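For reference, the structure is listed below as C-alpha cells.
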Amino acid sequence: MAIEIYSPLKGKVIPLSEVKDEVFSQKMMGEGIAFIPEENFLHAPADGRIDSLIDSCHAVGFHTDSGADVLIHIGQDTVTLNGKYFKAKVKEGDVVKQGDILIEFDRQKIESEGYNITTPMVIANTDEYSSVLPVDMDNAECGDLAILIEK
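Last residue of the sequence shown: number 151 in the working numbering, and the count goes up by one each step with no gaps.
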C-alpha cells in the first residue's frame with residue numbers, strides 16, 4: 001500500500017533538480033519536490049509527530065504515522081535570518097494531523113531581503129523505500145497529493 005504525502009502549502013511546483021541549493025537539488029537529503037509558496041502558512045503534509053524544529057523556525061522534521069520522515073525547508077539560506085519572519089505554531093514532540101499549521105512565515109518580507117523562498121519537501125528516509133515519486137503537477141493547493149511512496 002502506498003504512503004501518501006500531501007502538499008504543505010499552496011504554490012507553484014518545481015522539481016528538486018531546479019532548487020538553487022545543491023543539498024536539495026542533488027537529493028543529498030532525499031527524494032522530494034519543491035514549492036514556490038503563494039501563501040504564508042506551512043501545513044502538516046500527513047498525520048504524524050514533529051521530530052525536529054530548527055530554532056530559527058525555517059525548517060521542520062516530521063515523522064508520519066506511516067513511517068516516512070519528511071523534511072521541509074522554507075526558503076534558501078533562510079537560517080541566516082535567525083527566525084526573523086518565522087513563527088512556529090508547533091514544538092518538537094507535538095502530534096499533528098494533515099493540514100494543521102506548523103509554521104507561519106512572511107514570504108514577501110523574506111523575499112524583500114533577497115532570499116529565495118523556494119521550499120523543498122524531501123523524504124529523509126528515501127533509502128528505506130522501493131520508490132519515492134513526486135506527483136507531476138505545475139501548481140499545488142494545500143492538501144493536494146504531492147508524493148507517493150512505495151514500500
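Ideal Cβ positions, reconstructed from N, Cα and C, are used throughout, including at glycine.
All values derive from a computational prediction rather than experimental measurement.
Pick from the options that is closest to residue i, judged by C-alpha positions
i: F24; options: G75, R107, E104 and L148; result: G75
i: E92; options: V13, R49, A140 and V19; result: R49
i: L53; options: K84, A88, I149 and N125; result: A88
i: I103; options: P45, H73 and F41; result: F41
i: E39; options: Y129, D106 and L133; result: D106
i: A68; options: P45, A140, A59 and D77; result: P45
i: Y85; options: E128, A2 and Y115; result: Y115
i: D47; options: K97, V90 and D127; result: K97
Buried or exposed (CB count within 10 angstroms, at least 16 for buried), residue i
i: V95; result: exposed
i: T80; result: exposed
i: V16; result: As written in the sequence, residue 16 is Leu, which differs from the Val given in the question. Result: buried.
i: M121; result: buried
i: G32; result: buried
Integer-rounded CB distance, given that residue j should sit under 8 Å from residue i
i: K10; j: T118; result: No, K10 and T118 are not in contact; Cβ-Cβ is about 14 Å, not under 8 Å.
i: V135; j: A146; result: 6 Å
i: M29; j: L71; result: 6 Å
i: I3; j: S66; result: 4 Å
Rounded straight-line distance, which links the Cα of residue j to that of residue i
i: G61; j: K151; result: 20 Å
i: S131; j: E111; result: 34 Å
i: H43; j: P37; result: 12 Å
i: I5; j: E113; result: 31 Å
i: I14; j: H73; result: 14 Å
Proximity test, Cβ basis, 8 Å: residue i and chain C
i: P120; result: Given the protein chain composition of this structure (a single chain), no chain C is represented.
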